[in-house]
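Chemist: Okay, here's the structure, questions in a sec.
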Amino acid sequence: MIRRTATALRGGFFVGGRRLQAVAVGLVAAGLLGLAGAVAAQAPSGGVTLRWAAQGDVQSLDPHAQNESLSNQINAQVYESLIQRGKQLELVPALATAWTAEGPRRWRVTLRPGVRFHDGRPFTAEDVKFSVERAAAGSSDLRVYALALGAVKVIDPLTVVFELPRVNPVFLEHLSVLPIMSRGWAEAHRATRPPDLKAREEGHATRHANGTGPYMLVRREADAQTVFRRNPAWWGSFEGNVDRVIFRPIANDATRTAALASGEVDFLLDLAPQDAERLRRDPAIRLMEGPENRILFIGLDQARGQLLHGSLKDRNPFQDRRVRQALYQAIDIELIRTKLMRKLAWPTGALMPSPVGHGQDATLEQRLPYDLAAAQRLMAEAGYAEGFGFTLDCPNNRYLNDEQICLALASMWARLKVKVQVQAMPRTLFFPKLQRGDTSAYLLGWGGAITDAQITLTPLYHSPGADSAGAWNFGGVRNAALDRHVEAAAQEADPVRRMASIRAAVREFQAQVHALPLHRQAIVWAMRRNVQVVQRPDNWLEWQWVRVEGR
């Protein structure tokens, strides 16, 4: 982990000794030495290989052990759910071919016949029942979704009935995020329970995989490369021509960009914003950009009487709404947008991933204004005119410019006499740290394929509970009024009343400044000219749709 402090200096904000206005990343040719020869241009069979990279690695190959976007999208090439997402994020049949609501709390689902797992075992209703129960385990990061699906009753080998504990207006959305595993394979390898990542547990499924999906695991080398090959027995049809996939995590922005520019890789999932303009001028490179269904925000510990990682040992400043609002209004979000993110971000006052998601309206998007004088007054009113100190946990290989955002915020908050230690770390350390509750403040992103507000309200807004509500509420926010609105929205079948509950929940969250919203980041994909892909708003690369033409 890296600890850094950013300080406000006259003439601009400085991050790591560099003025934000002058941040530039060049190609690091030496960094390519470790990449050269690591990946082949073609598969041994002569088929087409896709070589791609992102700044971080998969946290686990166990599809129920984590709920992090990069891991989810890579694992989803191996493990499928009953319902999946199409090119426009629409719900489409996958391992299920039909579903019918037989009542407000009962769904009948028909399964696809003739499907086999990669090891040859047939896919049946028993695998669905097993997977839902496995994902509902306490160690699962998908527990909140699995519990919402209720009990699974096996009717016959190709039919299941879901008996819900309560009305669930987003049942199909929940069904789409739960990967199906083989019961027989899991039992044979003693992998019937997801390992607890926050306790650093591992199991057989951590490094091995056996799904029904279009690609099969060949080799896993953590933090180096993971190799997959096409599943010749897949039930679906390939639109692309990729036979083999080699994924490499490359943490350094310049090295990652250089790997693409030199042809060492074919595709980058997360091009650094500062490199976008230069690559646009490269005739061998093509960029695809668009808004991502993801919000970045700062979470604050509001549960403890004193901060775990703070300078004050007798109280917790974040429990005072005025302090939270002061930090919010001291954020020069336009500077972050223009200078750091190079306009590849959309500031918002909402804590919803999508600006057009269910429950959103224009009033919920409005930010509190940047007003340093007002922020200083709020700090003085709260009794912190001389500031205080705390540690801000931040990933350094997960979001666009994640560490740089944290350093910029630290510099801005220094003007409130608040001293921030930025503790940056890889995602494999960052997420388990948050899940252990070992944080006082943190940068987090939230998003994905689902635009319905409930997928944000229950994990992020609700108080932490035994049923895994509030599972990603790492600030420990507890607000009874907020919980009532969230729970009402989760169970309300009437769309008008449900919309009212959603908006009431968002407004209560905003009024109490329970978190500090920043922006929605852009998707910036970069690829060689011979690569054709489909870009979705959830920043999800589906390999079955990729075409790589002659090199």
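Just remember that the working numbering sits 1 ahead of the position in the sequence shown, which is counted from 1. Just so it is clear, CB atoms sit at the ideal spot from N, CA and C, and this is done for glycine as well. Owing to the predicted nature of the structure, the values given are computational and were not obtained by experimental measurement.
Taking the C-alpha atoms as reference points, what is the distance between Q533 and V549?
Modeler: C-alpha separation (whole angstroms): 6 Å.
Chemist: In whole angstroms, what is the alpha-carbon distance linking W100 and E81?
Modeler: Distance between the alpha carbons of W100 and E81 is about 17 Å.
Chemist: Identify, in the order they occur along the chain, each residue of the same chain with its Cβ nearer than 6 Å to the Cβ of L393, setting aside the five sequence neighbours on each side.
Modeler: C407, V421, V423, A442, listed in sequence order.
Chemist: Evaluate the contact criterion for the stretch 318–328 versus the stretch 459–466: three or more CB pairs, one atom per stretch, below 8 Å.
Modeler: No, the stretch 318–328 is not in contact with the stretch 459–466.
Chemist: Can you give me the start and stop residues for the alpha helix (DSSP H) that M217 sits inside?
Modeler: Per DSSP, M217 belongs to no alpha helix (DSSP H); it is in the beta strand (DSSP E), 216–222.
Chemist: What are the start and end residues of the beta strand (DSSP E) that includes L294?
Modeler: Looking at the sequence provided, one finds Asn at residue 294 rather than Leu. N294 -> beta strand (DSSP E) spans 286–301.
Chemist: Just reading off the alpha helix (DSSP H) that Y146 is part of, what are its end residues?
Modeler: Residues 144–150.
Chemist: For W186, report the span of its alpha helix (DSSP H) as first-last.
Modeler: First-last of the alpha helix (DSSP H) with W186: 184–189.
Chemist: From what residue to what residue does the beta strand (DSSP E) around Q422 run?
Modeler: Residues 420–426.
Chemist: If L1 sits next to R295, beta carbons under 8 Å apart, how far is it from one beta carbon to the other, in whole angstroms?
Modeler: Here the chain has residues from 2 to 552 only, and residue 1 is not among them.
Chemist: Work out the CA separation of L430 and H515 for me, nearest whole Å.
Modeler: Cα-Cα distance, rounded: 25 Å.
Chemist: Three-state secondary structure (DSSP) at D321?
Modeler: Of the three classes helix, strand and coil, the one that applies to D321 here is coil, per DSSP.
Chemist: Quick one: grab the DSSP three-state call for Q226.
Modeler: It is a strand residue.
Chemist: Span of the alpha helix (DSSP H) holding D484?
Modeler: Start and end: 481–492.
Chemist: Can you find the residues in the same chain that come closer than 6 Å, C-beta to C-beta, to I451, ignoring five residues on each side of it along the sequence?
Modeler: Taken in chain order, the residues that qualify are E174.
Chemist: Check whether the stretch 265–281 touches the stretch 51–68, taking contact to mean three or more Cβ pairs, one atom from each stretch, closer than 8 Å.
Modeler: Judged by Cβ distances under 8 Å, the stretch 265–281 makes contact with the stretch 51–68, as three or more pairs qualify.
Chemist: Which residue marks the beginning of the beta strand (DSSP E) containing E164, and which one marks its end?
Modeler: E164 -> beta strand (DSSP E) spans 160–164.
Chemist: Would you report the Cα separation of A470 and P396, rounded to the nearest angstrom?
Modeler: One C-alpha to the other measures close to 24 Å.
Chemist: Shortest alpha-carbon distance to Q513 belongs to which of V547, S183, L483?
Modeler: Measuring from the Cα of Q513, the nearest candidate turns out to be L483.
Chemist: Would you identify the three-state DSSP class for L308, choosing helix, strand or coil?
Modeler: Coil.
Chemist: On a CA-only basis, which of P427, S502, D468, A223 is nearest Q455? Give me that one, please.
Modeler: For the residues P427, S502, D468, A223, the minimum Cα distance to Q455 belongs to S502.
Chemist: Using only CA atoms, which one of N68, E188, M426 lies nearest to L198?
Modeler: Nearest C-alpha to L198: N68.
Chemist: Report yes if the C-beta distance between S141 and A66 is below 8 Å; otherwise report no.
Modeler: A contact, by the Cβ cut-off of 8 Å.
Chemist: In angstroms with no decimal places, state the Cα-to-Cα distance between W108 and N211.
Modeler: Spanning the two alpha carbons is a distance of roughly 27 Å.
Chemist: Relative to the alpha-carbon of L373, which residue among R106, I334, K314, T256 has its alpha-carbon at the smallest distance?
Modeler: Here the closest residue by C-alpha is I334.
Chemist: Buried or exposed: where does G449 fall if 16 or more other Cβ atoms within 10 Å of its Cβ makes it buried?
Modeler: That one is buried.
Chemist: Compare the C-alpha of L309 against each of A97, S72, F475 and name the closest.
Modeler: With distances taken between Cα atoms, L309 lies closest to F475.
Chemist: Which runs of the beta strand (DSSP E) at least 3 residues long sit entirely within the stretch 432–472? Give them in chain order.
Modeler: Listed in chain order, they are 442–448.
Chemist: In the structure shown, what three-state DSSP assignment does I156 receive?
Modeler: I156 falls in the strand class under three-state DSSP.
Chemist: So, with DSSP's three-state summary, where would you put P496?
Modeler: Residue state, collapsed to three classes: helix.
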